[in-house]
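A.B. asks: Residue numbers (the working numbering): 3 to 475.
Virtual Cβ for every residue (Gly too), placed ideally from N, Cα, C.
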C-alpha cells in the first residue's frame, strides 16, 4: 500500500463517529483525492460536531441515518469504524463483491515510516499511553500519541518521519480490524486482561485472541511488556517470540531468576519494592512511589509500564522521575472535579466494566477514609449491559458504599440483585438528577463517585458524554 492508492478511488467510510477517528479518515482521504461516501446510522443533528469539523472539504457525499447496500457493493474500498461490528450485513455484502475492507489503523500500519509503540489492555491503556508520551517527550523532540485516545492516527500521519516516536493506544477492535496486514508494533504493552465487551464477542477467548494480535506478528528483536500481576498475561508468555519484560507492583515477591520459567527471553522491567520504583535486575532507582500523583494501585501498574518502556528508550532516570511528578492523569479516569460543601466529586466514566468500577470504589475507599471509619462513598453506577457478571461489583458496593444512584439500563437490575447490604438505592434516567440525588445523600468528607461499571449507550452519546454531563451537573 502507498499513499497514492487512494487517488480517484470510490471509498465508503462506514461510521463518521464522534470520537475523531472517522473525521480523521475522511480528511486523510480528501487530501489524497479520493471520492468519499461517508455513512452513519446516526442522524445529522447527532453528528453535528464531526460534520462541522469536515465543513468545506470537497468530493464528499453523506448518507446519514441509514446505510445503503449499494454504497458497499459498488465502492473500490470500504473503511470501517472500529465501533462497527465485523458481522455487519453491509460488510458481508462488500466482501461478497470483493470490495476490500480497511481500517484507519491498518492503513496507518502500512504507511507509518516510524517504529510504533502499541499499548493495549482492558483498562489502563489510555493512562499508560499518555504517561509514556509525557515521559518520552522529556527526552525526544518528536513524540506522537494517537489511536483509541480520541486522536486520529491518519490525521497525525503527515507529521511523522522515520525519527518520530509513535505511541498508539489500541483497542481489541482496532487490532482485529488491522489483522489482515499481519503487522504488530515494534514495542507492545499489555496492561491487563479483564472480562469486557462480551456483547461484541462470543466468548472471552475470542476477545483474548484479538488482544494477542498486538504481539502475534512481532519479530524476535521486537519487545513486549507485560504486567506480571495479571495471571492471564503470565500464561501468554510461552506464546511470545519477541523479547519480554515484566513489570510488577509486587517487587518483593518477584525474583528475576524465576522469569525464564515463563519464557527464556523474559527479563525484569520496572517494579515497586520498599515504596520505591526500581528498574531491572540492577535495581536502578527511578523514584519514590509517593511522588506518583495518580491515585490507586492500578495506576501504579500503569506507571510501571510507562517507566519500563522509557528505560528501553534510554530516558535518564531523572527525566522519568520529573515526568512522573508532573503527570496528573486523563479526563474521566478517577478525575477529581471539585469539592463542594466538603463533598468530593470524582469522575471515572471510563469505568465501563465491573472490574474497573470495583477498582475505582476500592481506590476511593482507601485514599479518602473518614475519621469515624464510616462508609463515605455515594456511587453513581449502572447503565447498559455488555453481557458481563456483576457479582463482585455488587459485593464491592455492599462493602464500601453508603448509597448508590443507578442510571437506567438493562444492567442496572442485575447489579441491584447482587447488593447484599442495606444501603440507600435510587434510580434515574438522567445525570442531572443522579448528581442531585447523590449530593443530598452525601455528607461532609464523603465522595460522590461516577463509576458506572457499564456501557453508556441508551442514555448518552458515549462514555465521555456521560462524564461531561457529570462534570456539568
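Would you call the CB atoms of residue 137 and residue 405 closer than 8 angstroms?
C.D. replies: Not a contact, by the Cβ cut-off of 8 angstroms.
A.B. asks: Do residue 382 and residue 407 have their beta-carbon atoms positioned less than 8 angstroms apart in this structure?
C.D. replies: Yes. Within cutoff.
A.B. asks: Among residues of its own chain, excluding the 5 on either side of residue 473, which ones have a beta-carbon nearer than 7 angstroms to its beta-carbon?
C.D. replies: Within the same chain, residue 473 has close Cβ partners 339 and 349.
A.B. asks: If you drop the 5 nearest sequence neighbours on each side, which residues of the same chain put their C-beta closer than 6 angstroms to that of residue 420?
C.D. replies: So the qualifying residues of the chain are 392, 393 and 396.
A.B. asks: Are there 16 or more other CB atoms within 10 angstroms of the CB of residue 286, so buried, or fewer, so exposed?
C.D. replies: Classification of residue 286: exposed, given that the 10 Å Cβ count is below 16.
A.B. asks: Determine the closest residue to residue 13 out of 46, 77 and 55, with distance taken between C-alpha atoms.
C.D. replies: With distances taken between Cα atoms, residue 13 lies closest to 77.
A.B. asks: Assign residue 389 to one of two classes, buried (16 or more other C-beta atoms within 10 Å of its C-beta) or exposed (fewer than that).
C.D. replies: The residue in question, residue 389, is exposed, as its Cβ has fewer than 16 Cβ neighbours within 10 Å.
A.B. asks: Based on the DSSP output, what are the partners of residue 278 in its beta bridges?
C.D. replies: 275 and 290, per the DSSP bridge assignment.
A.B. asks: Looking at the secondary structure, which residues open and close the beta strand (DSSP E) in which residue 346 lies?
C.D. replies: Here the beta strand (DSSP E) through residue 346 covers 345-349.
A.B. asks: Kindly indicate which three-state DSSP category residue 433 falls into: helix, strand or coil?
C.D. replies: Here residue 433 sits in helix by DSSP.
A.B. asks: If we count the other Cβ atoms within 10 Å of its Cβ and call it buried at 16 or more, is residue 255 buried or exposed?
C.D. replies: Per the 10 Å Cβ criterion, exposed.
A.B. asks: Is there a C-beta anywhere in chain D that falls below 8 angstroms from the one on residue 278?
C.D. replies: Chain labels in this structure do not include chain D; a single protein chain is all it has.
A.B. asks: Residue 79: buried (16+ other C-beta within 10 angstroms of its C-beta) or exposed?
C.D. replies: With 16 or more other Cβ atoms within 10 Å, it is buried.
A.B. asks: Pair every Cβ in the region 246-253 with every Cβ in the region 273-280, then say whether three or more of these pairs are closer than 8 angstroms.
C.D. replies: Touching, yes, given that three or more Cβ pairs across the two stretches are closer than 8 angstroms.
A.B. asks: Going along the chain, which unbroken runs of the alpha helix (DSSP H) with 4 or more residues stay wholly within the region 331-392?
C.D. replies: Counting only runs of 4 or more, we get 356-369.
A.B. asks: Between the alpha carbons of residue 73 and residue 363, how many angstroms are there, rounded?
C.D. replies: Their backbone Cα atoms lie some 47 angstroms apart in a straight line.
A.B. asks: Here's the rule: buried if 16 or more other CB atoms are within 10 angstroms of the residue's CB, otherwise exposed. What is residue 423?
C.D. replies: Exposed: under 16 other Cβ atoms inside 10 Å.
A.B. asks: Comparing alpha-carbon positions, which option in 319, 302 and 304 lies nearest residue 282?
C.D. replies: Minimum Cα distance to residue 282 is reached at 319.
A.B. asks: Under DSSP, the beta strand (DSSP E) around residue 42 begins and ends at which residues?
C.D. replies: Run containing residue 42: 37-42, per the beta strand (DSSP E) assignment.
A.B. asks: So is residue 245 buried or exposed if we call it buried at 16+ other beta carbons inside 10 Å?
C.D. replies: It is buried - the Cβ of residue 245 has at least 16 other Cβ atoms within 10 Å.
A.B. asks: Between the beta-carbon of residue 463 and the beta-carbon of residue 20, is there less than 8 angstroms?
C.D. replies: Contact flag set, yes.
A.B. asks: If you measure between the beta carbons of residue 156 and residue 30, is that distance less than 8 angstroms?
C.D. replies: Yes, they are a contact pair.
A.B. asks: Using C-beta distances below 8 angstroms, list every residue in its chain close to residue 403, excluding the 5 sequence neighbours before and after it, in chain order.
C.D. replies: Once the five neighbours on either side are set aside, the close Cβ partners of residue 403 are 363, 377, 379, 380, 381 and 425.
A.B. asks: Hey, quick one: how far does the alpha helix (DSSP H) through residue 70 stretch, first residue to last?
C.D. replies: Per DSSP, residue 70 belongs to no alpha helix (DSSP H) and is neither H nor E.
A.B. asks: For residue 130, count the other beta carbons within 10 Å of its own beta carbon; 16 or more makes it buried, fewer makes it exposed. Which is it?
C.D. replies: Residue 130 comes out buried.
A.B. asks: Starting from residue 86, follow the alpha helix (DSSP H) in both directions and report where the run begins and ends.
C.D. replies: Note, residue 86: premise wrong, no alpha helix (DSSP H); not H, not E.
A.B. asks: Which residue comes first and which comes last in the alpha helix (DSSP H) that contains residue 248?
C.D. replies: Residue 248 -> not in any alpha helix (DSSP H); beta strand (DSSP E) instead, spanning 245-250.
A.B. asks: Quick test of the definition: if touching needs 3 or more C-beta pairs under 8 angstroms, does the region 78-93 touch the region 110-126?
C.D. replies: No, they do not touch.
A.B. asks: Within 10 Å of its beta-carbon, does residue 204 have 16 or more other beta-carbons around it, so buried, or fewer, so exposed?
C.D. replies: It is exposed - the Cβ of residue 204 has fewer than 16 other Cβ atoms within 10 Å.
A.B. asks: Go ahead and pull the three-state DSSP assignment for residue 118.
C.D. replies: In this structure, residue 118 counts as strand in the three-state DSSP scheme.
A.B. asks: In the structure shown, what three-state DSSP assignment does residue 447 receive?
C.D. replies: Residue 447: coil per DSSP, three-state reduction.
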